[in-house]
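What follows is one structure encoded as structure tokens, with my remarks underneath.
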Amino acid sequence: MGRCLSDRGRSLPVKVVLDTNVFVSGVFFGGTPGRVLEAWRDGKAEVVLSREIVEEYVRVGEELADRFPAVDLRPAWELLAVSATLVPSPPLPKPVSRDTDDDKFLACALAAGADYVVSGDRDLLDVSSYKGVVVLSPRGFVDRLQ
Numbered sequence: 001m002g003r004c005l006s007d008r009g010r011s012l013p014v015k016v017v018l019d020t021n022v023f024v025s026g027v028f029f030g031g032t033p034g035r036v037l038e039a040w041r042d043g044k045a046e047v048v049l050s051r052e053i054v055e056e057y058v059r060v061g062e063e064l065a066d067r068f069p070a071v072d073l074r075p076a077w078e079l080l081a082v083s084a085t086l087v088p089s090p091p092l093p094k095p096v097s098r099d100t101d102d103d104k105f106l107a108c109a110l111a112a113g114a115d116y117v118v119s120g121d122r123d124l125l126d127v128s129s130y131k132g133v134v135v136l137s138p139r140g141f142v143d144r145l146q
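Position 33 (the sequence shown) corresponds to 33 in the working numbering; numbering is contiguous.
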């Protein structure tokens, strides 16, 4: 289970990997993915990422920024730069997810000892509990934080 634990009276944030769909949906559209980003910003979650995940965030974020020019990406990039923990993440020894491009999120979670991967992607949700990695939907994650 997650680390919503307390250490001598203070709460320790859960360690999570955010799938790209959660990150960009939170930045561009808010809703429940936005609440996941708020939990990160407010220190309730520690987001861990690999270089490969950051590169995907940037690529997809910039593609969406072209379609939604009113959205200012600077706060999201600043949050990444200041609050995310970058971890070396070797690839998995063999494919796990139906969409093997999603395996980078599981690999990062394993490398970082993350409590959860947060994703709305069915391919990732279907492999929850791979080597102990729990994959939650944004709603499931927000509910666990409360």
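Ideal placement from N, C-alpha and C gives every residue a C-beta, glycine not left out.
By the 16-neighbour rule on beta-carbons within 10 angstroms, E78 is exposed. In terms of CA proximity to V17, L124 leads the group A65, D99, L124.
Spanning the alpha carbons of A111 and P88 requires a straight line of approximately 7 Å. Under the three-state reduction of DSSP, L18 is assigned to strand.
Look at L125 here: in three-state DSSP terms it is helix.
The straight-line gap separating the alpha-carbon atoms of V127 and D143 is approximately 20 Å.
With fewer than three CB-CB distances shorter than 8 Å, the segment 60-77 does not count as touching the segment 90-109. S119 is the residue among G26, R41, S119, P13 whose C-alpha sits nearest the C-alpha of S97.
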